[in-house]
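Q: Structure incoming, see below.
Number of protein chains: 2
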Amino acid sequence: MTGTRWLDEHEQRTWRAYLAMNARLNARLHRQLQADSGLSLADFDVLVQLTDRPDGRARISELAGAMQWEKSRLSHHLGRMLRRGLIAREECPEDARGAFAVVTEQGRDAIEQAAPRHVETVRELLFDQLDTDQVDALGTIADAVLDRLDDPRA
Amino acid sequence: MTGTRWLDEHEQRTWRAYLAMNARLNARLHRQLQADSGLSLADFDVLVQLTDRPDGRARISELAGAMQWEKSRLSHHLGRMLRRGLIAREECPEDARGAFAVVTEQGRDAIEQAAPRHVETVRELLFDQLDTDQVDALGTIADAVLDRLDDPRA
DNA sequence: TCCAAGTAGTTGACGTGTCACCAACAAAGG
DNA sequence: CCTTTGTTGGTGACACGTCAACTACTTGGA
Numbered sequence: 141m142t143g144t145r146w147l148d149e150h151e152q153r154t155w156r157a158y159l160a161m162n163a164r165l166n167a168r169l170h171r172q173l174q175a176d177s178g179l180s181l182a183d184f185d186v187l188v189q190l191t192d193r194p195d196g197r198a199r200i201s202e203l204a205g206a207m208q209w210e211k212s213r214l215s216h217h218l219g220r221m222l223r224r225g226l227i228a229r230e231e232c233p234e235d236a237r238g239a240f241a242v243v244t245e246q247g248r249d250a251i252e253q254a255a256p257r258h259v260e261t262v263r264e265l266l267f268d269q270l271d272t273d274q275v276d277a278l279g280t281i282a283d284a285v286l287d288r289l290d291d292p293r294a
Numbered sequence: 141m142t143g144t145r146w147l148d149e150h151e152q153r154t155w156r157a158y159l160a161m162n163a164r165l166n167a168r169l170h171r172q173l174q175a176d177s178g179l180s181l182a183d184f185d186v187l188v189q190l191t192d193r194p195d196g197r198a199r200i201s202e203l204a205g206a207m208q209w210e211k212s213r214l215s216h217h218l219g220r221m222l223r224r225g226l227i228a229r230e231e232c233p234e235d236a237r238g239a240f241a242v243v244t245e246q247g248r249d250a251i252e253q254a255a256p257r258h259v260e261t262v263r264e265l266l267f268d269q270l271d272t273d274q275v276d277a278l279g280t281i282a283d284a285v286l287d288r289l290d291d292p293r294a
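Chains as they are written, first to last, in the working numbering: chain A, 141 to 294; chain B, 141 to 294.
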């Protein structure tokens with residue numbers, strides 16, 4: 141058995157910078173969205189998914205799969221969004237266990253009002269700081285890491 | 141007033157890949173660390189900070205500053221770590237408002253036991269997937285974004 | 001037909017993060 | 001000395017995420 145392959149100083153710095161970027165970028169975007177529209181990033185993602193579909197509705201399991209969320213997480217979150225009137229639940233005729241989540245008018249209004257400023261913030265904080273090569277590199281890096289994360293081994 | 145500068149398709153893909161990478165890499169690392177040592181990533185970060193200091197102790201505000209955590213967050217978190225015996229609190233003689241957080245022996249043991257596998261996982265999931273240029277690029281990107289996040293304007 | 005196994009979705013407990021607010025104290029000027 | 005202002009750290013309420021357990025339903029055989 142070999143020793144741990146520790147990170148060298150350069151890797152260490154890169155790792156810490158990456159962690160800091162994530163934490164802060166996320167916090168900034170969350171705060172901006174919340175302050176500006178009352179939506180959380182999670183709300184936003186759910187609404188994007190639902191409004192992307194022709195009739196603004198999706199089976200809950202299917203939605204969880206598409207978003208890579210645990211069903212429990214989605215269930216809790218839909219409950220909170222329901223209370224705020226952003227979505228509604230509907231029963232499924234073909235499968236009595238199933239249910240649909242549906243965007244309400246209020247949900248549509250909320251995301252349409254929130255999207256422009258949110259996108260603008262993403263652009264300002266991320267894309268405006270990078271040149272074309274860096275954007276490409278970021279995409280390539282993310283794809284490579286995602287491939288590994290999807291890999292069933294380990 | 142100009143219209144929103146939306147993301148083009150390539151930026152869109154890059155942004156989604158970045159979000160997915162973050163979410164999943166973080167989830168994976170968290171699960172691994174938790175399952176392996178009972179520590180959360182947040183616990184780990186606090187312990188890293190404390191064990192990095194000569195006497196394993198830090199003023200709470202100073203710690204919050206170093207970690208870029210809100211004081212309230214740190215206070216809650218230290219309370220939980222205290223209950224589990226990972227740290228202790230000490231009063232500050234020079235400033236009666238102040239307090240120190242101190243790593244306990246148990247806290248030291250916990251992080252020393254946890255670190256090797258955690259680092260190994262970071263390496264497997266991230267650094268092993270990237271070549272030297274990509275690691276450099278990631279560092280450069282993170283630094284650029286952090287510069288903007290630190291910028292007082294906006 | 002009937003049951004074992006699987007699936008859809010929910011729930012409760014608990015750890016975590018944020019916000020708003022507060023008590024205790026420090027520091028500086030009158 | 002005393003008041004004003006800022007700082008230190010904590011608290012309660014609430015949103016969020018995970019895990020384990022559960023209900024209700026479906027499905028694929030024996």
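For each residue, glycine too, the CB sits at the ideal point set by N, CA and C.
Alpha carbon to alpha carbon, what distance is there between LEU181 of chain B and CYS232 of chain B?
A: 28 Å
Q: Name the chain B residues that come within less than 7 Å of ASP283 of chain A, Cβ to Cβ?
A: What ASP283 of chain A touches in chain B, judged by beta-carbon distance under 7 Å, is ALA157, going in chain order.
Q: Out of A:LEU286, A:LEU266, A:VAL275, A:GLN269, which has the shortest C-alpha to C-alpha gap to LEU265 of chain B?
A: A:LEU286
Q: DSSP has ILE227 of chain B in a bridge; who is on the other side?
A: B:VAL243
Q: So what does ALA198 of chain A bridge to, in DSSP terms?
A: A:ALA241
Q: Could you say if the region 273 to 289 of chain B and the region 275 to 285 of chain A meet the contact criterion of at least three C-beta pairs nearer than 8 Å?
A: Contact between the region 273 to 289 of chain B and the region 275 to 285 of chain A is present: three or more C-beta pairs spanning the two stretches fall below 8 Å.
Q: Can you tell me whether THR154 of chain B is buried or exposed? The criterion is at least 16 other CB atoms within 10 Å of its CB, across all chains shown.
A: When all chains shown are included, THR154 of chain B counts as buried.
Q: Kindly indicate which residue of A:SER212, A:ARG263, A:ALA255 has the alpha-carbon position closest to the one of GLN174 of chain A.
A: Minimum Cα distance to GLN174 of chain A is reached at A:ALA255.
Q: Where do the N-terminal and C-terminal ends of the alpha helix (DSSP H) with ALA167 of chain A fall, by residue?
A: 149 to 177
Q: Report the rounded CA-to-CA distance for ASP176 of chain A versus ARG168 of chain A, giving the unit in angstroms.
A: Note on geometry: alpha-carbon atoms of ASP176 of chain A and ARG168 of chain A lie some 12 Å from one another.
Q: Listed from N- to C-terminal order along the chain, which residues in the region 175 to 193 of chain B have their beta-carbon within a distance smaller than 7 Å of any beta-carbon of chain A?
A: none
Q: Please identify the residue among B:GLU202, B:ASP268, B:ASP291, B:ARG145 whose C-alpha is closest to the C-alpha of LEU147 of chain A.
A: Per the Cα distances, B:ASP268.
Q: Kindly indicate which three-state DSSP category ALA236 of chain A falls into: helix, strand or coil?
A: Assignment of ALA236 of chain A by DSSP, reduced to helix, strand and coil, places it in the coil class.
Q: How would you write the range of the alpha helix (DSSP H) that ARG288 of chain B sits in, first residue to last?
A: 272 to 290
Q: Reducing DSSP to helix, strand and coil, say where GLY143 of chain B ends up.
A: coil
Q: Distance cutoff 8 Å, beta carbons only. Does ALA277 of chain B sit that close to anything in chain A?
A: Taking 8 Å as the threshold, the shortest C-beta distance from ALA277 of chain B to chain A falls below it.
Q: ALA250 of chain B versus chain A: which residues are under 9 Å apart at the beta carbon?
A: Per Cβ cutoff of 9 Å: no residues; ALA250 of chain B is ~16 Å from chain A at best.
Q: By how many angstroms is the C-alpha of ARG145 of chain A removed from the C-alpha of GLN253 of chain B?
A: 15 Å
Q: Residues of chain B with a CB under 9 Å from the CB of GLN274 of chain A: which are they?
A: ALA277, THR280, ILE281, ALA284
Q: Looking only at its chain, what residues have a beta carbon closer than 6 Å to the beta carbon of LEU214 of chain B, apart from the 5 residues adjacent to it on each side?
A: ALA204
Q: For ASN166 of chain A, which residues from the same chain have a beta carbon less than 8 Å from its beta carbon, with the 5 sequence-adjacent residues on both sides left out?
A: Answer for ASN166 of chain A: LEU181, listed in chain order.
Q: Can you pull the chain A neighbours of GLN208 of chain B, defined as C-beta to C-beta under 8 Å?
A: ALA160, ALA163, ARG164
Q: Classify GLU151 of chain B as buried or exposed, calling it buried when 16 or more other Cβ atoms lie within 10 Å of its own Cβ.
A: buried
Q: In angstroms with no decimal places, state the Cα-to-Cα distance between SER212 of chain A and HIS170 of chain A.
A: 22 Å
Q: GLN269 of chain B by DSSP, collapsed to three states: which one?
A: helix
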